[in-house]
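1 is the number of the first residue of the sequence shown in the numbering used here; add one for each residue after it.
Note that CB positions come from ideal geometry on N, CA and C, so glycine has one too.
Keep in mind the model is a prediction, meaning the values are calculated, not measured.
The block underneath contains the structure these notes are about, expressed in structure tokens.
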Amino acid sequence: MNQIVRSKQLPKNHVVIRVRDYDGKVIDIISQPHDGTPDDIISQMGNLQSKTYWMEDASGINSQNFATDENGQLKWVVAPNCLSMAEVGTKEARYILGDISART
């Protein structure tokens, strides 16, 4: 199951993808800014995900998608299909990260 690993240095108001390979190994961490609104978080995550299509061995389903708040804290988990997001720490966020026991 995917787990959130908190970093001391995350960019403020950014979408962040912890890009993983098919075995779950982190191969890169990429980010780009968002304007703080849910619509822009989803839009920017889709744009950022498109950059992973060209990364050798990148697995979209194994990668972890997050968004930070104005303080650089992890605030949102974004679903791999970019159709939904949930606040970090909720059952829905755990489910998005692969915890099927947290299904809502």
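For GLU92 and LYS12, the gap between their C-alpha atoms comes out near 23 Å. Collapsing the DSSP output to three states places ALA93 in a helix. Using a C-beta cut-off of 8 Å, the segment 19 to 32 makes no contact with the segment 73 to 89, since fewer than three inter-stretch Cβ pairs fall below that distance.
In the structure shown, GLN9 adopts coil according to DSSP, grouped into three states. Beta-bridge pairing by DSSP links VAL88 to no other residue. With contacts defined by Cβ atoms closer than 8 Å, ASN62 and ARG20 form a contacting pair.
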